[in-house]
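Numbering (full-length UniProt numbering), first residue to last: 1 to 471.
This is how it looks when you write it as structure tokens:
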């Protein structure tokens, strides 16, 4: 049994054409066989008609032969003798002709023909003896032999056999004609029935195969349409995600620009604080030289100025601490955004590989920014502690100038470290800004590629609908 579902489209079409063709060939074979039968019946009918004609001619020849024999016996005219010899030869030729074809009429007809052949020879023998008597002058004896002899019985027997042969051949001929007509009708019926059956089977097979092919194609089209719909939905969602990511990247880029400006300001403020500390240190050193010459009032005035500078440094340090906290928060946000970008890049496939590399670099830069912010926070804490200590020293007024110099020196060193760290942080933030710009461009390219994919998916969906409509 053929499993139609396992057949390919080409095999199904070949099957649809093959079955009607096989039936057509089978019907053609039956028609050809019947046609041969009709031809054979026609040939036998023609042979039968020829036998009937030859039987009639044989009967005529038999009677002519006797007529010519009687004419010669009565008149002794050579014309009758020649005619008699010709009729004898004609009789034998017709017997030979019938022997070639009489077999189709049955054994009984063959036996009759053989009897006619024997009777013809006996009649010829008697006729020749009568002719010999006439030629010998025994005309009276020849006449008595003709009237009272057995030649008349032989002639009557031959005539009866010829009549039986002809009648039986007529019956056979009627049967042959009837058989030929039936064979012709059977041929026509088989041809018509075969053509109708082949046509009906071709229609049924065509409808069956076309319905199965249509069903299979419809299933495939449905699967493709469903897949294209799902792909389109996924692409649309991916496009939305990438668009949101691009917006987030733009926001982060703007925040990083602000952070870069704030970092530069922090570096400038740190430089200013370091300059102030150096000035304080110079003033303190100058006050040490004048300690021996000037009185305590002048030293207290200078110490007051130092206190004011230290308070200013404390305020600047607080601002640097605030900026450092902002840098740390932005670094954390940048790190989270880089993680999200890496996840979206992995979901985007081959189009998001470059995007994933950029996201990894951003995450590294964010880690560096956070570490720099932590270092700044530590330094700010140290500066605040040193500043508080210096304020306490100046408030008491009893500490030595060497302690103030040491504290101011620590402040100067801390401010220099803050300046260097802030400068490094500004460079790192600029790199983050450049990387975020690259991410923004990659997100735009990804969104464009996803948009093209969505268009291609829509075209695929339209193509499946067109195929379904054609089927």
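Beta carbons: idealized from backbone N, C-alpha and C, even for Gly.
Range of the contiguous alpha helix (DSSP H) that encloses residue 8
For the purposes of this step, residue 8 is taken as residue 8 along the chain shown, with counting starting at 1. That residue, residue 8, is in no alpha helix (DSSP H); it is neither H nor E in DSSP.
When 334, 140, 187, 342 are compared against residue 33, the one with the closest alpha-carbon:
The count along the chain shown starts at 1 and reaches residue 33 at position 33. The shortest C-alpha separation from residue 33 is found at 187.
Just to confirm my understanding: we take residue 154, look at its own chain, exclude 5 residues before and 5 after, and list those with CB closer than 6 Å. What are they?
Counting from 1 along the chain shown, the entry for residue 154 is found at position 154. If we look at residue 154 and ignore the five residues flanking it on each side, its Cβ neighbours are 119, 122, 123.
CB contact flag (residue 91, residue 67, <8 Å):
In the chain shown, residue 91 corresponds to position 91, counting from 1. In the chain shown, residue 67 corresponds to position 67, counting from 1. No, the Cβ-Cβ distance between residue 91 and residue 67 is not below 8 Å.
Let's test the definition: count the other Cβ atoms within 10 Å of the Cβ of residue 193 and tell me whether it reaches 16, buried, or not, exposed.
Translated into positions along the chain shown, residue 193 becomes position 193. Residue 193 is exposed by the Cβ-count criterion.
At which residues does the alpha helix (DSSP H) containing residue 90 begin and terminate?
Working through the chain shown from its first residue, we reach residue 90 at position 90. Unbroken alpha helix (DSSP H) run through residue 90: 78-101.
Can you give me the Cβ contacts of residue 59 inside the same chain, cut-off strictly under 6 Å, excluding the 5 residues immediately before and after it?
Within the chain shown, residue 59 is the residue found at index 59, counting from 1. Taken in chain order, the residues that qualify are 162.
What's the gap between the Cα of residue 341 and the Cα of residue 451?
One-based indexing of the chain shown puts residue 341 at position 341. One-based indexing of the chain shown puts residue 451 at position 451. So the alpha carbons of these two residues sit roughly 18 Å apart.
For residue 138, three-class secondary structure by DSSP
Residue 138 sits at position 138 when you count from the first residue of the chain shown. Three-state result, residue 138: coil.
Flag this pair as yes or no: are the beta carbons of residue 102 and residue 113 separated by less than 8 Å?
By one-based count along the chain shown, residue 102 stands at place 102. By one-based count along the chain shown, residue 113 stands at place 113. A contact, by the Cβ cut-off of 8 Å.
So, does the region 81-101 touch the region 190-206, judging by three or more C-beta pairs under 8 Å?
no
Cα separation between residue 190 and residue 27?
If you number the chain shown from 1, residue 190 lands on position 190. If you number the chain shown from 1, residue 27 lands on position 27. Looking at the two C-alpha atoms, the distance is approximately 7 Å.
May I have the straight-line CA-CA distance separating residue 22 from residue 109, to the nearest angstrom?
One-based indexing of the chain shown puts residue 22 at position 22. One-based indexing of the chain shown puts residue 109 at position 109. One C-alpha to the other measures close to 45 Å.
Would you report the Cα separation of residue 180 and residue 104, rounded to the nearest angstrom?
Looking up residue 180 in the chain shown gives position 180. Looking up residue 104 in the chain shown gives position 104. Rounded to the nearest angstrom, the two C-alpha atoms are 15 Å apart.
Can you give me the C-alpha to C-alpha distance between residue 347 and residue 237, rounded to a whole angstrom?
The sequence position of residue 347 within the chain shown is 347, counting from 1. The sequence position of residue 237 within the chain shown is 237, counting from 1. Going from the Cα of residue 347 to the Cα of residue 237 covers about 11 Å.
Neighbourhood of residue 225 by C-beta, 8 Å cutoff - its chain only, sequence neighbours within 5 removed:
Mapped onto the chain shown, residue 225 falls at position 225. Excluding sequence neighbours, residue 225 sits near 461, 464, 465, 468.
Assign residue 150 to one of three DSSP states: helix, strand, or coil.
On the chain shown, position 150 is the one that residue 150 refers to. In the structure shown, residue 150 sits in coil (DSSP, three-state: anything other than H, G, I, E or B).
Which listed residue (205, 157, 424, 378) has its alpha carbon closest to that of residue 17:
Numbered from its first residue, the chain shown carries residue 17 at position 17. Closest option to residue 17, Cα to Cα, is 205.
Distance between residue 344 and residue 337 (C-alpha atoms, nearest Å)
As a position in the chain shown, residue 337 is number 337, starting the count at 1. As a position in the chain shown, residue 344 is number 344, starting the count at 1. Answer to the nearest angstrom: the Cα atoms are 10 Å apart.
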